[in-house]
Structure formats: structure tokens, C-alpha cells
Amino acid sequence: MSRVCVLLPVFNREAFIGRALESLRVQTSKDFDVFIHDDGSIDNTVKNIGGFFATNSELNYTLTREKNNQGQNFARNHTLRAALDSGIKYDYVASLDSDDVFLPDHLRKNVKFLDENAKIDVVYSDCGLDENAKIDVVYSDCGLDENAKIDVVYSDCGLDENASKW
Numbered sequence: 001m002s003r004v005c006v007l008l009p010v011f012n013r014e015a016f017i018g019r020a021l022e023s024l025r026v027q028t029s030k031d032f033d034v035f036i037h038d039d040g041s042i043d044n045t046v047k048n049i050g051g052f053f054a055t056n057s058e059l060n061y062t063l064t065r066e067k068n069n070q071g072q073n074f075a076r077n078h079t080l081r082a083a084l085d086s087g088i089k090y091d092y093v094a095s096l097d098s099d100d101v102f103l104p105d106h107l108r109k110n111v112k113f114l115d116e117n118a119k120i121d122v123v124y125s126d127c128g129l130d131e132n133a134k135i136d137v138v139y140s141d142c143g144l145d146e147n148a149k150i151d152v153v154y155s156d157c158g159l160d161e162n163a164s165k166w
């Protein structure tokens, strides 16, 4: 049983999806499944995904598709629903945007941190890259007081699907 499900919504990302998938392939922990939802891409995104997994069959993935673009939140919710409907009970959910990458030890470090800190429910990281793919800025503080209570309201176990599209 995999401990982590990785949610990967995509839409017209043929130029980026290879890097995102490669960042999953090189994870130091392989204890994850990938759930991808294509939100009506009209480029070669789906072809690139198929080609990647054809040569990297050691990775577990599920790909679902939408005929028409419904928006990023719809696609992310769909990946979460596919993970929940898979019948596998995951310990953690990770989200990877199709134009982003995980560092090689991202999943291992986050699982270790959450395992060791039972009172913490969410781990978030973000950084920006310059035009040469060098780390430009690391966002380590979202400006919240450590004692702040954060209420996140989800619509049907997900994000508001009425938000703007990609």
C-alpha cells in the first residue's frame, strides 16, 4: 500500500509535464501513487504523459480525462475523488501542479515530518525559479502567526469549482 497519493491536474502543459513527471520518477521514496486528470487539453499533454509512463512503468498512476476544460479546481477535485474512489487508504495527499517540480527528497521529508509531528496536519512549500531554473526566492513564511487558526472551507471535499479557469 502506498502512503501518499499525488494529485496532478493538467491542462495544455505539453511543455512542462515532462519535468513534473520526471521529478516524481526521481523521488527518493517510491511510496506513492499518482492521480492525473487532464482537463480537456488540446495539445500533446496526454501523449507526453502516456510516453512517460510507457518508459517508467515502475510508477503507479491513474489518468482520467475531461473532454472540455472545467478549470483547475475541478481537475484537482477530480484527482482527489479518483484517489478516494481507488479503494486505497492513503496516509497523505500531496499536490503537484503540472508546471512545478518536487525536489528528489520532497515526499520522503514531508512524510517523515508529518509522521514525527502528529499535531501538524498540513505542510506547504514554495519557491520561485529564475529564467535559468535556479532558485530565485524561497517562500518559507506565509505571514501567519504560529497560533493562528486557519479555517479552510471546502466544497464537497475539494476546492471551489466556480473559481476562474486555468
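Reading the sequence shown from the start, the letters are residues 1 to 166 in my numbering. For each residue, glycine too, the CB sits at the ideal point set by N, CA and C. These numbers come from a predicted model, not from an experiment.
Tell me whether residue i is buried or exposed, calling it buried when 16 or more other Cβ atoms sit within 10 Å of its Cβ.
{"i": "Gly-71", "result": "buried"}
{"i": "Asn-73", "result": "buried"}
{"i": "Ala-15", "result": "exposed"}
{"i": "Ile-36", "result": "buried"}
{"i": "Val-6", "result": "buried"}
{"i": "Val-189", "result": "Not covered by the structure: residue 189. The range shown for the chain is 1 to 166."}
{"i": "Val-122", "result": "exposed"}
{"i": "Asp-145", "result": "Low local confidence applies: a pLDDT of 47 at Asp-145 is under 50, so the model's placement there is unreliable, with the coordinate-based value given in what follows. Looking at its Cβ environment, which holds fewer than 16 other Cβ atoms inside 10 Å, Asp-145 is exposed."}
Could you please give the first and the last residue of the uninterrupted alpha helix (DSSP H) stretch that includes residue i?
{"i": "Ile-17", "result": "17–25"}
{"i": "Leu-107", "result": "106–116"}
{"i": "Asp-85", "result": "72–85"}
Going by the CB atoms, is the gap between residue j and residue i shorter than 8 Å?
{"i": "Asp-38", "j": "Arg-76", "result": "no"}
{"i": "Leu-189", "j": "Tyr-92", "result": "Residue 189 is absent from the structure shown; the chain starts at 1 and stops at 166."}
{"i": "Asp-105", "j": "Thr-28", "result": "yes"}
{"i": "Thr-62", "j": "Ser-86", "result": "yes"}
{"i": "Ala-83", "j": "Tyr-90", "result": "yes"}
{"i": "Ser-43", "j": "Asn-12", "result": "Checking the sequence shown, residue 43 turns out to be Asp, not Ser. Yes, the pair counts as a contact, with Cβ atoms nearer than the cut-off."}
Skipping 5 residues on each side, what residues in its chain have a beta carbon closer than 7 Å to that of residue i?
{"i": "Ile-17", "result": "Val-10, Thr-45, Asn-48, Ile-49, Ser-98"}
{"i": "Lys-67", "result": "Gly-40"}
{"i": "Leu-107", "result": "Val-4, Gln-27, Ser-29, Phe-32, Ala-94"}
{"i": "Phe-52", "result": "Gly-18, Leu-21"}
{"i": "His-78", "result": "His-37, Thr-64"}
Under 6 Å Cβ to Cβ from residue i, same chain only, skipping five residues before and after it: list those, please.
{"i": "Tyr-124", "result": "none"}
{"i": "Val-152", "result": "In this prediction, Val-152 scores a pLDDT of 36, lower than 50, which makes its location untrustworthy; no coordinate-derived value is stated."}
{"i": "Asn-110", "result": "Val-123"}
Grouping DSSP H, G and I as helix and E and B as strand, with all else coil, what is residue i?
{"i": "Phe-52", "result": "helix"}
{"i": "Arg-13", "result": "coil"}
{"i": "Thr-28", "result": "coil"}
{"i": "Val-123", "result": "coil"}
{"i": "Val-46", "result": "helix"}
{"i": "Val-6", "result": "strand"}
{"i": "Val-34", "result": "strand"}
Following the continuous beta strand (DSSP E) through residue i, name the residue where it begins and the one where it ends.
{"i": "Ala-94", "result": "92–95"}
{"i": "Arg-65", "result": "60–65"}
In chain order, what residues of the same chain lie with their CB nearer than 8 Å to the CB of residue i, ignoring the 5 residues before and after it?
{"i": "Leu-96", "result": "Val-6, Leu-7, Leu-8, Ala-20, Ser-23, Leu-24, Phe-102"}
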